[in-house]
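The numbering used here numbers the first residue of the sequence shown as 1 and each following residue consecutively.
Only one structure is covered here, and it is reproduced in the block below.
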Amino acid sequence: MIETGVTMTAKETLKALLEPVAVRAKTAYARWLENDETGEQSKDLYCSNCAKSLAVEPWMVDGWDDDIESDTFPRCKKCGVLLCHSLSETGIFQELQHYIEYGFSCADDAWIAHNFLDGIGDYEDAIHGALVKQLVDKLHNGRVNKCFSREAFEIKKSEWNDD
Ligand SMILES: [Zn+2]
């Protein structure tokens, strides 16, 4: 019982740390192309604008405003914008391991983590809680604070806006 309480606290702490940075990420709902004659679907995903620009008959835009299930975070194949998604258990595990090792290097990272901590995807305290606690400890000890600084996010964000 006590351990669960500690895990929840770490999760809420991490969410609160990520929130102000996560809101600065640019995201879009996923679309793909479908061949109106054969029913074939593109395996690449796009944002709505890029999908529209690529849809030449008989190909048309398919998809709806929802989080697509994924093992890794998807990006628009054409412009690179982060696509709204719901990460699998394995995907969340891998992302947490990545953040423990490398920290958060851009607003997109913060958005991805905030998204699964917020209940989108297959986050499970029993599976991921220990990694979240490890990550929060690391942030508090300053070992990845450099990656987590406001400046780091702003540089990435301005690079993104130049695109
Ligand atoms: Zn795009």
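Idealized CB from N, CA, C, for every residue including glycine.
query	result
Select from GLU40, ALA28, ASP108 and SER88 the residue whose C-alpha is nearest the C-alpha of GLU199.	Here the chain covers residues 1 to 163 and nothing more, so residue 199 does not appear.
Have a look at CYS47 and ILE112 and give me their C-alpha separation to the nearest angstrom.	17 Å
Please report the straight-line C-alpha distance between GLU124 and TRP59, rounded to a whole angstrom.	39 Å
With distances taken from CA atoms, which of ASP108, PHE93 and ILE127 is nearest ALA25?	ASP108
Would you say the beta carbon of LYS43 comes nearer than 8 Å to a heavy atom of ligand 1?	no
Going straight from the alpha carbon of ILE155 to that of ARG75, what length do you get?	Confidence at ILE155 is low in this model, with a pLDDT of 40, below 50, so the placement of that residue is unreliable and no value is reported for it.
In terms of residue numbering, what span does the alpha helix (DSSP H) encompassing TRP111 cover?	107 to 117
Please list, in chain order, all residues of the same chain as GLN134 whose beta carbon is under 7 Å from its beta carbon, the five residues on each side excluded.	ILE100
Extract the residue ranges of the alpha helix (DSSP H) inside the segment 19 to 63, only unbroken runs of 4 or more that lie entirely within it.	48 to 54
Leaving out the 5 sequence neighbours to the left and right, which residues in its chain are closer than 8 Å to LEU117 when beta-carbon positions are compared?	LYS11, LEU14, LYS15, LEU18, TYR123 and VAL132
Per DSSP, SER86 is paired with what?	GLU69
Under 6 Å from any heavy atom of ligand 1, by CB: list those residues in chain order, please.	TYR46, CYS47, ASN49, CYS50, CYS76, LYS78, CYS79 and VAL81
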